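In the order they appear, the protein sequences are chains A and B. To convert, note that position 118 of the first sequence is 118 in my numbering; the numbers rise steadily by one, no gaps. To convert, note that position 170 of the second sequence is 170 in my numbering; the numbers rise steadily by one, no gaps.
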Amino acid sequence: MEDKIVIRNLSKVFGKNPKMALEALKNGKSKDEILNEQKQTIGVHDVNFTVKKSEIFVLMGLSGSGKSTLQRLINRLHTPSTGEIVIDGIDITKLNPHELRVFRRKHFCGMVFQNFAILPHRTVLENVEFGLELQGVEKDIREQKSLEVIKSVGLDGNEDSYPSQLSGGMQQRVGLARGLAVDADILLMDEAFSALDPLIRRQMQDELLELQEKMQKTIVFVTHDLDEAFRLGNRIAIMKDGRIVQIGSAEEIISKPADDYVKAFVENMNRSAILTAGAIMLPPEETALSGDGPRTIMRKIRKKGLAGILMTDTKKRVKGYIKADRLAAYIKENQSKENIPFDENLVEEAASVNEDTPLTDVINSYTEHEYGPVAVVDSDNRLKGVIVRGAVIAALSEDHIETAE
Amino acid sequence: MLPYRIPLNDWITAAVNFLEEKLGVVFDLFSVIIYFLVDNLKDGMLFFHPLILIVLIAGITFYLAGWKNALVAFLGLILTENIGLWEAFIETLALVLTAEILIIAAGFPIGIWAARSDRVNSVIRPILDFMQTMPAFVYLIPAVMFFGLGLVPGVVATFVFAMPPLIRLTSLGIRQVPKELIEAADAFGATDMQKLIKVQVPVAKATILAGVNQSIMLGLSMVVIAAMIGAGGLGEDVLRGIQRLNVGQGFEAGLVVVILAIILDRITSSFDSKKA
Ligand SMILES: Nc1ncnc2c1ncn2[C@@H]1O[C@H](COP(=O)(O)OP(=O)(O)OP(=O)(O)O)[C@@H](O)[C@H]1O
Ligand SMILES: [Mg+2]
């Protein structure tokens, strides 16, 4: 996909002599040492990444790790000390104040803040119109556009309310609508849902994902909550002391945390909602094929020492599961025959899930069927892998996670 | 003690003469503006029959500050007219309004300037502190030196004396606008002017209006004192009452000052709560 925002060697020092601080960093001084010795704060240090068009890119990290600073560098609310910020091919660090204003109007849907930052003296409609108003869009056009957006965030009927009359969740919808109303494609959200109570927060996350499906904005979302990061982010950058320590999808970060810092984060979260069947499945073992005789199937089972075996057709489509004990009994019954015919009644329903089924649902699926492994299949019911029972528990326990070197 | 008297008097006279010579045009302009405002306001208000104006003021008070305050205003103004202080009342009101118009015209921009620049703020702050610790009388002296006696130095002294709270509260109000609101506007590409008009001033409105209210109340107290240099109005009646040891007369005029103070205070302190 197309690169939207390209960040190269970006650093931000809060202080009088950024060069000196960056030099000290090069010589191995820590952020704290520089603060003590030079009274300068490292906001962001030597960051490189690319945000792709239409993705939700999450900046994640503890308080003070530089998330907000990095985000404010992207629209140059902070001026970088060194480095490049290239948006749609233009290095915005080189723009003069006037050019920068024009650029922001054209490319940025403003920002959405933790404490909403909507104007108390304006109604919902007037707040949503704000960005368009600054651009000098005519009254009736901006009103029409704003009413559409108000509807899409579920605020219709509240156009004429004042912020003080709205709940936190509704106020944040106003903040979101204000951003979405302008005709630009980069939306910056700083802890946008952190002030909301958990249920509303969850709801807002879902709605954001739904809206994003339609609007396809490029979103940079700051949060200190890993659950939220994993729910929303196509990719997540984890920050520590102004640096990015790891960038990747939720699964990459969970299964291969880059260091102990990331590992500590990951351990604190409910992984079952994030890990999917695809992440923990094993390659499919040998299966019974339609056309195999009972004795052949029994041999395949014995070879592995299993309690049963999955059955597929020649195109690898899953037919079901055959239990070893029932098969053995059947063979014993028909011992006398030279060629025992296969009895379709031996085939039981197999537990099956898709690759992107979350582990929580995998657990449900295998508790429904008290036997056999869970088959992971594609949309055509073809076998892609299996999940053996112990694997789910192992994946959910911390020990499973190894630090990548 | 010393063998000769320090000629402070001569020095100051020389300095004042020098300034008058160099800045004479500015002082003249000031006089013209003040006369223009005071005369027009006064004539405008005296043009109406007192009863019409009384009902009008009571009506405004009712709309902005409720019926209780309106009733106080109505009865107070009826009394004022009845005891023959109507014209003095109007004159004082015209003086206060003139001073306030000038205060807003100068103080509001200065307040905004001080809000936007830390350096300006650090220069202005101690000056404002100094101005507010000086007794009101002190302001009469330079005013008289440059403008002589009469209405103009009265308004000038009032202007200088009552301006600090407006500057201070305008600056404070704008500085208190949450950082995120400014960032939000910046992120949309707002110009400085757009930020000022659409975000900072409206959000700081309550604080700025508190500054207007405070400066009007200070202005009223100064206008009364300014009668000592011949500014006219209710202060003159108070002064005459005191000079002639006529307690009744002084008290009547004082009471009307209080009535005016109540009306002005109720009206200006309600501006904010009224509109959304
Ligand atoms: N305007 C500023 N002036 C000086 N230092 C600043 C400024 N803004 C941020 N900092 C410092 O930069 C560092 C990074 O701050 P930042 O606000 O980006 O962290 P954050 O990850 O967003 O934290 P939080 O989760 O608390 O919002 C901190 O040490 C902070 O004190
Ligand atoms: Mg932050």
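Glycine included, every Cβ here is placed at the ideal spot set by N, Cα and C. These figures come from a predicted structure and were not determined experimentally.
- Close to chain A, meaning a Cβ-Cβ distance shorter than 8 Å, are the following residues of the stretch 167-193 of chain B: Pro178, Glu180, Leu181, Glu183, Ala184, Ala185, Asp186, Ala187, Phe188, Gly189, Ala190, Thr191.
- Glu333 of chain A carries a helical assignment under DSSP once its states are collapsed to helix, strand and coil.
- Annotated as proximal: Ile238 of chain A and Ile247 of chain A, with beta-carbon spacing under 9 Å.
- Under the 9 Å criterion on CB atoms, Lys68 of chain B is classed as non-interfacial with respect to chain A.
- At least one heavy atom of ligand 1 sits closer than 8 Å to the Cβ of Met239 of chain A.
- For the C-beta of Val199 of chain B, the chain A residues within less than 8 Å are, from N- to C-terminus, Leu119.
- Remark: the C-beta of Glu191 of chain A is in contact range of ligand 2, defined as less than 8 Å to any heavy atom.
- Contact between the stretch 144-161 of chain A and the stretch 127-134 of chain A is present: three or more C-beta pairs spanning the two stretches fall below 8 Å.
- When secondary structure is reduced to three states using DSSP, His49 of chain B falls in the coil class, being assigned neither helix nor strand.
- Counting only residues of its own chain and dropping the five nearest sequence neighbours on each side, Leu73 of chain A has a CB closer than 7 Å to the CB of Leu10, Lys12, Val44, Pro80, Ile85.
- Counting only residues whose CB is nearer than 6 Å to a non-hydrogen atom of ligand 1, the list in chain order is A:Phe14, A:Thr41, A:Gly43, A:Gly61, A:Ser63, A:Gly64, A:Ser65, A:Gly66, A:Lys67, A:Ser68, A:Thr69, A:His224.
- The beta-carbon of Val203 of chain B is placed less than 9 Å from the nearest beta-carbon of chain A.
- In the three-state scheme derived from DSSP, where H, G and I count as helix and E and B as strand, Gly136 of chain A is classed as coil.
- Residue range 234-243 is occupied by the alpha helix (DSSP H) that includes Gly241 of chain B, with no beta strand (DSSP E) assigned at that position.
- Annotated three-state conformation of Arg382 of chain A is strand, per DSSP.
- Between Gly250 of chain B and Ile242 of chain B a beta carbon distance of about 5 Å is seen, short of the 8 Å cut, so the two are scored as contacting.
- Look at Gly390 of chain A: its C-beta is not under 9 Å from any C-beta on chain B.
- Any Cβ of chain B closer than 9 Å to the Cβ of Gly110 of chain A would place that residue at the interface, and such an atom is present.
- Setting aside the 5 residues that flank it on each side, Glu368 of chain A is surrounded in the same chain by Ala351, each with a C-beta closer than 7 Å to its C-beta; the list follows chain order.
- Annotated as distal: Pro178 of chain B and Val144 of chain B, with beta-carbon spacing of 9 Å or more.
- Sorting B:Asn246, B:Pro164, B:Leu172, B:Ala157 by C-alpha distance to the C-alpha of Gly230 of chain B places B:Ala157 at the top.
- With respect to Ala177 of chain A, Asn115 of chain A sits apart: the two C-beta atoms are not nearer than 9 Å.
- For Gly233 of chain B, the closest of B:Ala105, B:Ala88, B:Ala226, B:Ala73 by C-alpha to C-alpha distance is B:Ala88.
- The C-beta of Gly131 of chain A comes closer than 9 Å to at least one C-beta of chain B.
- Less than 9 Å separates the beta-carbon of Arg104 of chain A from that of Ala187 of chain B.
- Judged by the Cβ position, Val112 of chain A fails to qualify as a neighbour of ligand 2 at the 8 Å threshold, every heavy atom of the ligand being at least this far.
- When distances are taken from the beta-carbon of Val220 of chain A to the heavy atoms of ligand 2, even the shortest one reaches 8 Å or more.
- Within the stretch 110-176 of chain A, the complete alpha helix (DSSP H) runs of at least 4 residues fall at 124-134, 139-152.
- Residues of chain B with a Cβ closer than 7 Å to the Cβ of Leu35 of chain A do not exist, since the nearest Cβ in that chain sits about 22 Å away.
- Under the DSSP assignment, Tyr366 of chain A falls outside any beta strand (DSSP E), being part of the alpha helix (DSSP H) whose first and last residues are 359-368.
- By alpha-carbon distance to Pro97 of chain A, the top candidate from B:Ala226, B:Gly254, B:Ala227, B:Ala190 is B:Ala190.
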